[in-house]
Amino acid sequence: ILNVEQSPQSLHVQEGDSTNFTCSFPSSNFYALHWYRWETAKSPKALFVMTLNGDEKKKGRISATLNTKEGYSYLYIKGSQPEDSATYLCAFPLPTGANNLFFGTGTRLTVIP
Amino acid sequence: EADIYQTPRYLVIGTGKKITLECSQTMGHDKMYWYQQDPGMELHLIHYSYGVNSTEKGDLSSESTVSRIRTEHFPLTLESARPSHTSQYLCASSGWGEHYGYTFGSGTRLTVV
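Residue numbers (the numbering used here), protein chains in the order written: chain R, 209 to 321; chain W, 60 to 172.
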């Protein structure tokens, strides 16, 4: 079992605020780091798959950075909207290989209108 | 727009019954996965498949079994349901390699009474 930790566990922000949360993972034997968004009563959706140290990816108001040497990734949401309310999961490939992912417990974001 | 389908969405069943959770994908992905999530806990990999006639156990021990007779179909079976099997079960598929994100189904929420 890998040690993939996400913080904070939950977060409430006002509409329009920017926010960020953290995923920490083992820095040895790095292959990739995945971010998913999971809205209530829907299926988790892939946001980013990051593979290179220093990588920064962006999709609309959401962006992510990656530091493989120190084993962390940040997810940023600029100008949060109520539709951003979801659980954000990061995941790291298991040592078994073959893209089997180990998921963190997630950060549950609630954006208050 | 779902490319991966899970049925049923919700299931309440009595102890001792045999159940099959269905999962089908239309993307031609070779890799398929079953994850289990207990309330407030991480997603845990219970089964995966590399392709037709391939099934492997994941990092979390499970009494369920899976089969992969066709590329698009990856059903999960519990021969005799017990209350300890109450959980959410998510099916996913992906391409090969750690840079491929998963496509998830909407999940089956199973309650065994």
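Cβ coordinates follow ideal geometry from the N, Cα and C atoms, glycine included. These numbers were taken from a predicted model, which means no experiment stands behind them.
Beyond the five residues adjoining it in sequence on each side, residue 165 (chain W) comes within less than 6 Å, by CB distance, of 65 in the same chain, given in chain order.
Between residue 298 (chain R) and residue 243 (chain R), the gap from beta carbon to beta carbon is short of 9 Å. Within the region 133-146 of chain W, no residue has its Cβ closer than 9 Å to any Cβ of chain R. Within 10 angstroms of the beta-carbon of residue 212 (chain R) lie 16 or more other beta-carbons, which makes it buried.
Residue environment analysis places residue 102 (chain W) among the buried positions, since at least 16 neighbouring C-beta atoms fall within 10 angstroms of its C-beta. Note on residue 90 (chain W): 16 or more other CB atoms within 10 angstroms of its CB, so buried under the neighbour-count rule. With respect to chain R, the C-beta atom of residue 162 (chain W) has a partner C-beta closer than 9 Å.
Straight-line spacing of the CA atoms in residue 307 (chain R) and residue 99 (chain W) works out to 24 Å. When DSSP states are grouped into helix, strand and coil, residue 144 (chain W) belongs to the helix group. Counting the other Cβ atoms within 10 Å of the Cβ of residue 95 (chain W) gives 16 or more, which makes it buried. Around the C-beta of residue 148 (chain W), 16 or more other C-beta atoms lie within 10 Å, and the residue is accordingly described as buried. Residue contact check for residue 94 (chain W) against chain R: a CB pair falls below 9 Å.
For residue 83 (chain W), no CB of chain R lies under 9 Å from its own CB, so it is not counted at the interface with that chain. Among the CB atoms of chain R, none fall inside 9 Å of the CB of residue 97 (chain W).
For residue 84 (chain W), the enclosing beta strand (DSSP E) starts and ends at 78-84.
By the Cβ-count criterion, residue 171 (chain W) is buried, with 16 or more other Cβ atoms from all chains shown falling within 10 Å of its own Cβ. The Cβ atoms of residue 284 (chain R) and residue 272 (chain R) lie closer than 9 Å to each other.
Per DSSP, the continuous beta strand (DSSP E) segment holding residue 275 (chain R) begins and ends at 270-275. Rounded to whole angstroms, the separation of the alpha carbons of residue 238 (chain R) and residue 276 (chain R) is 7 Å. Contact annotation for residue 169 (chain W) against chain R: no contact, minimum CB-CB distance about 16 Å [criterion: below 9 Å]. Contact between the region 133-152 of chain W and the region 224-232 of chain R is absent, with fewer than three C-beta pairs closer than 8 Å. Under DSSP, the beta-bridge partners assigned to residue 91 (chain W) are W:108 and W:152.
At least one CB of chain R lies nearer than 9 Å to the CB of residue 104 (chain W).
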